[in-house]
Amino acid sequence: MTQGWDRLRAGAKVWPLGLAAFLAVSAVVRAQDAGNLPSGPTPSPTVRSASPYNVEQATAQVMPLSLDDAIDLGKKKNLNVLLSRQNQLGVHGGILTAGNALLPNLSAVGKTATQQINLAAMGFKPSSLAGLGLGSFPSIVKVDTTSLELTMDQALFNASAYYLFRAAQKAEKAAEFTSLNVQGTVVLQVGTYYLRALADASQIENAKSLEKADQEVLRQATASHDAGVGTNLDVLRARVQLQTQQQALISAENTFAKDKIALNRAIGLPAGQEIALTDTVPFAEYATLPLSDALALGYQRRKDLLGLQAQIDVAEQARKAVRAERFPTLGFNGYYGVLGETRGLYHGVFVAQGTVKVPVFQEGQLRGEREVAVAQLTALRQQVASLKVTIDQQIRSAMLDVQAANDLVKVARSNVDLSTQALQDATDRFASGVEDNLPVIQAQAVLSNAQSRLVQTLYQYNQAKLQLARNTGVVETQYKAYLGR
Numbered sequence: 117m118t119q120g121w122d123r124l125r126a127g128a129k130v131w132p133l134g135l136a137a138f139l140a141v142s143a144v145v146r147a148q149d150a151g152n153l154p155s156g157p158t159p160s161p162t163v164r165s166a167s168p169y170n171v172e173q174a175t176a177q178v179m180p181l182s183l184d185d186a187i188d189l190g191k192k193k194n195l196n197v198l199l200s201r202q203n204q205l206g207v208h209g210g211i212l213t214a215g216n217a218l219l220p221n222l223s224a225v226g227k228t229a230t231q232q233i234n235l236a237a238m239g240f241k242p243s244s245l246a247g248l249g250l251g252s253f254p255s256i257v258k259v260d261t262t263s264l265e266l267t268m269d270q271a272l273f274n275a276s277a278y279y280l281f282r283a284a285q286k287a288e289k290a291a292e293f294t295s296l297n298v299q300g301t302v303v304l305q306v307g308t309y310y311l312r313a314l315a316d317a318s319q320i321e322n323a324k325s326l327e328k329a330d331q332e333v334l335r336q337a338t339a340s341h342d343a344g345v346g347t348n349l350d351v352l353r354a355r356v357q358l359q360t361q362q363q364a365l366i367s368a369e370n371t372f373a374k375d376k377i378a379l380n381r382a383i384g385l386p387a388g389q390e391i392a393l394t395d396t397v398p399f400a401e402y403a404t405l406p407l408s409d410a411l412a413l414g415y416q417r418r419k420d421l422l423g424l425q426a427q428i429d430v431a432e433q434a435r436k437a438v439r440a441e442r443f444p445t446l447g448f449n450g451y452y453g454v455l456g457e458t459r460g461l462y463h464g465v466f467v468a469q470g471t472v473k474v475p476v477f478q479e480g481q482l483r484g485e486r487e488v489a490v491a492q493l494t495a496l497r498q499q500v501a502s503l504k505v506t507i508d509q510q511i512r513s514a515m516l517d518v519q520a521a522n523d524l525v526k527v528a529r530s531n532v533d534l535s536t537q538a539l540q541d542a543t544d545r546f547a548s549g550v551e552d553n554l555p556v557i558q559a560q561a562v563l564s565n566a567q568s569r570l571v572q573t574l575y576q577y578n579q580a581k582l583q584l585a586r587n588t589g590v591v592e593t594q595y596k597a598y599l600g601r
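So, in structure tokens, the structure goes:
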């Protein structure tokens with residue numbers, strides 16, 4: 117884009133600048149994939165200070181981290197958020213550059229020079245000037261001159277440059293929506309990572325509880341065997357079940373550690389920074405938003421849609437700039453200063469001139485630029501229409517996911533209660549010597565699966581609500597309301 121601004125300052129054709137200004141906001145989400153929101157940002161490198169090489173180091177202290185803290189850190193330090201802010205600054209710089217083409221430019225120039233001139237080579241010969249009575253003079257002269265000038269140039273009327281300035285202003289709005297859209301993606305990503313880590317922590321607690329139960333079953337089986345009323349098979353079954361549960365605990369702890377690393381990188385913390393999650397798994401019945409209200413909210417608040425609409429404004433201004441290239445341009449330039457021999461007399465000098473430029477015949481270029489501008493504008497309008505259909509599809513799907521996940525949570529909770537009761541009954545029968553420990557082990561496996569399923573369905577329910585908030589364009593401001601916190 118900088119090259120485009122330079123061409124404008126140089127007085128070249130301004131339409132290439134319009135195209136450059138239009139392309140400067142191509143980072144605005146176009147959502148060309150009709151089935152997906154823009155992909156989530158990659159985890160950010162940690163940049164705490166102004167120096168890009170001063171990477172934050174992990175500390176020995178455990179850092180308490182709530183969901184709100186994690187999202188705030190993600191908004192501040194995620195790489196895509198940082199890049200979107202730099203994009204905004206770059207577009208703002210383009211506005212200043214484009215606006216400068218409409219302002220007067222003043223510059224001061226000072227020069228001193230020494231020249232040796234061959235007057236004879238320029239036609240000033242004594243023989244040819246004899247009739248003028250000038251006498252003789254040297255044909256080779258040396259001149260030392262010094263000048264000081266104040267130059268000015270001003271575009272008095274340049275409609276194309278004006279519309280390009282307006283396009284740059286619209287581009288800043290598009291860049292702002294891009295930044296907000298990135299923030300929404302980061303909130304969804306960080307929230308998902310945090311909920312996943314909470315689910316991992318719940319899996320660990322369940323695994324530890326079952327491990328204790330398995331230890332008790334093994335103790336009872338061993339005691340029965342030692343008393344001569346139990347079999348060695350009961351002891352072997354109990355030991356196998358205990359070791360199986362220990363494997364599940366190790367796997368759950370490993371998954372939890374890796375998911376905390378992923379969360380650290382998403383919010384800009386060092387991978388080795390130890391964190392302690394201070395929130396618990398949220399659960400709240402979501403008051404279903406009517407579909408019509410959800411769609412209206414999405415059309416009003418989705419930043420990718422607003423960004424495309426802002427790009428349409430940019431393209432409209434660029435198209436006007438193309439049309440204005442047929443108009444005459446008025447300009448003024450000149451200078452005032454002093455000029456004289458370096459060690460002699462100085463005198464004032466000035467030039468003041470106005471220019472009028474009228475394009476006479478540039479039909480091939482002008483028509484080509486017009487077709488490009490119209491094609492860009494038409495493509496953006498088609499993308500807006502397509503994105504509205506995509507928003508409809510995404511909101512409907514998200515609402516179905518929320519409802520289904522809510523029903524799954526209810527069934528999973530009921531299964532945990534029933535499995536807990538079944539395990540208690542089987543344990544009592546084994547303790548009283550009515551049966552061996554096989555039903556106990558089977559009941560423990562059923563309870564373990566039910567508890568794991570409950571944890572997963574709670575995670576799916578909360579994640580579905582976050583996704584619904586993202587699809588309606590309010591996740592960065594209303595995630596608490598959707599999670600029931």
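Residues 117 to 601 (our numbering) make up the sequence shown, in order.
For every residue, glycine included, the Cβ atom is placed at its ideal position computed from N, Cα and C.
Small disclaimer: the values here were computed from a predicted structure and weren't measured.
Nearest by alpha-carbon distance to residue i: which of the options is it?
| i | options | result |
| --- | --- | --- |
| V474 | G307, Q305, A275 and N553 | A275 |
| E518 | L563, V550, T573 and D533 | Reading off the sequence, residue 518 comes out as Val, not Glu. Per the Cα distances, T573. |
| V556 | A489, I383, D350 and L421 | D350 |
| L516 | A236, L584 and E485 | L584 |
| Q231 | D260, N553, L461 and Q594 | D260 |
| V465 | R601, D409 and G456 | G456 |
| A426 | E292, S182, F281 and A373 | E292 |
| Q173 | I366, P180 and G388 | G388 |
| L334 | S318, K324, A323 and V356 | V356 |
| L314 | A237, Q433 and L183 | L183 |
| V525 | A378, Y575 and G549 | Y575 |
| V490 | R435, N565 and D409 | R435 |
| G569 | L205, D523, G239 and E485 | Before going further, note that residue 569 is Arg rather than Gly in the sequence given. Minimum Cα distance to R569 is reached at D523. |
| A186 | Y309, L235 and H208 | Y309 |
| A237 | I507, A224, P254 and G226 | P254 |
| S65 | K581, G549 and A597 | Absent from the structure is residue 65, since the part of the chain shown begins at 117 and ends at 601. |
Between residue i and residue j, which are expected to be in contact by the criterion C-beta below 8 Å, what is the C-beta distance as a whole number of angstroms?
| i | j | result |
| --- | --- | --- |
| L311 | Q579 | 6 Å |
| L413 | G589 | 7 Å |
| V467 | S263 | That belief does not hold up - the Cβ atoms of V467 and S263 are roughly 12 Å apart, past 8 Å. |
| D330 | D375 | About 25 Å separates the two Cβ atoms, so there is no contact after all. |
| A217 | A287 | Not really, about 15 Å apart at Cβ, beyond 8 Å. |
| G470 | K193 | No, G470 and K193 are not in contact; Cβ-Cβ is about 54 Å, not under 8 Å. |
| Y577 | A521 | 4 Å |
| A364 | A323 | 5 Å |
Rounded to the nearest angstrom, what separates residue i and residue j at their Cα positions?
| i | j | result |
| --- | --- | --- |
| R353 | A343 | 18 Å |
| A538 | V500 | 56 Å |
| G545 | Q558 | According to the sequence provided, residue 545 is Arg. The question's Gly does not apply to it. So the two alpha carbons sit approximately 13 Å from each other. |
| A392 | K289 | 39 Å |
| Q336 | T394 | 37 Å |
| L603 | S295 | Nothing about residue 603 can be read from this structure; the chain reaches only from 117 to 601. |
| G215 | N221 | 11 Å |
| R512 | K504 | 12 Å |
| G151 | Y278 | Model confidence at G151 stands at a pLDDT of 34, short of 50, so the residue's coordinates are unreliable; what they give is reported in the following sentence. Cα to Cα, G151 sits roughly 39 Å from Y278. |
| Q498 | P398 | 40 Å |
| V532 | Q594 | 32 Å |
| N553 | A561 | 13 Å |
| L496 | Q481 | 23 Å |
| N380 | A440 | 52 Å |
| T543 | V527 | 24 Å |
| V476 | I233 | 42 Å |
| T267 | V257 | 30 Å |
| T602 | Q202 | No statement about residue 602 is possible, as the shown extent of the chain runs from 117 to 601 and does not include it. |
| L205 | P180 | 34 Å |
| T347 | I366 | 29 Å |
| Q540 | D409 | 48 Å |
| Q433 | L280 | 7 Å |
| G460 | I211 | 47 Å |
By the 10 Å Cβ neighbour count, where 16 or more other Cβ atoms means buried, how is residue i classified, buried or exposed?
| i | result |
| --- | --- |
| T458 | exposed |
| N587 | buried |
| A373 | exposed |
| L195 | buried |
| R418 | buried |
| Q359 | exposed |
| K581 | buried |
| Q567 | buried |
Please determine whether the Cβ atom of residue i lies at a distance below 7 Å from any heavy atom of the ligand NAD.
| i | result |
| --- | --- |
| Q498 | As far as ligands go, the structure on display features none, and thus does not contain the ligand NAD. |
Taking Cβ to Cβ, would you say residue i is nearer than 8 Å to residue j?
| i | j | result |
| --- | --- | --- |
| V430 | V298 | no |
| V306 | A382 | yes |
| Q361 | E327 | yes |
| E265 | Y451 | yes |
| L563 | S530 | no |
| Q319 | A368 | yes |
| L421 | I507 | yes |
| E485 | V438 | yes |
Using a Cβ-Cβ distance cut-off of 8 Å, determine whether residue i contacts chain C.
| i | result |
| --- | --- |
| L503 | Among the chains of the structure shown, chain C does not appear; only one protein chain is present. |
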